[in-house]
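A short write-up of the structure that comes next.
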Amino acid sequence: MDRIRGLLAKSGLPNVEARAQEENDRNNNGVGSGGTDEWGNIMLPIVFRAAIGLAVLSGQVHQQAQARLHPIFHWLSLVLLLTFACFFTSKLIVSKFPIEAQVLERVGLFFTVMAFAIATSIIFLS
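So this is what it looks like as structure tokens:
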């Protein structure tokens, strides 16, 4: 294998492995390392859609029924709001504060997992 690499280096052909390694290093530096940047891009629209759906549901429910609505729905709304705020703010500040943006994305990921846990536990309340 070393002999092949040596021949490729002498031939002047582009080194595909070196380019792939450079691309990998470039992708792993900064906010995207660890895959949290992809989570932010995926979860931001999902959380926004869920928050809008809860707001519409709350608006459709009559005032008397809203008083009987279980408090877990309010907690779920709060967690979704915090999730959206973390992901959205991290996207806004990534150019000036990359470390803080990475921390916010991880906090947003934590709130995403918490929202999932709350949403799946709602069916056990009745």
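Per my numbering, the sequence shown runs over residues 16 to 141.
Ideal Cβ positions, reconstructed from N, Cα and C, are used throughout, including at glycine.
None of the values given here were measured: they were computed from a predicted structure.
query: Is DSSP giving S110 helix, strand or coil here?; result: coil
query: May I ask you to verify whether the segment 82-94 touches the segment 113-124, counting CB pairs closer than 8 Å and requiring at least 3?; result: no
query: Find the nearest neighbour of T135 within the set F125, P60, I87, judged by alpha-carbon distance.; result: I87
query: In whole angstroms, what is the alpha-carbon distance linking I133 and K111?; result: 34 Å
query: If you count every other CB in all the chains shown that lies within 10 Å of the CB of F131, and 16 or more means buried, which is it?; result: exposed
query: Do M58 and F125 have their CB atoms nearer than 8 Å?; result: no
query: Grab me the residues of T104's own chain with a C-beta within less than 6 Å of its C-beta, minus the 5 sequence neighbours each way, in chain order.; result: L119
query: Relative to the alpha-carbon of A100, which residue among V62, I114, L84, V128 has its alpha-carbon at the smallest distance?; result: V62
query: Put H85 into one of helix, strand or coil per three-state DSSP.; result: coil
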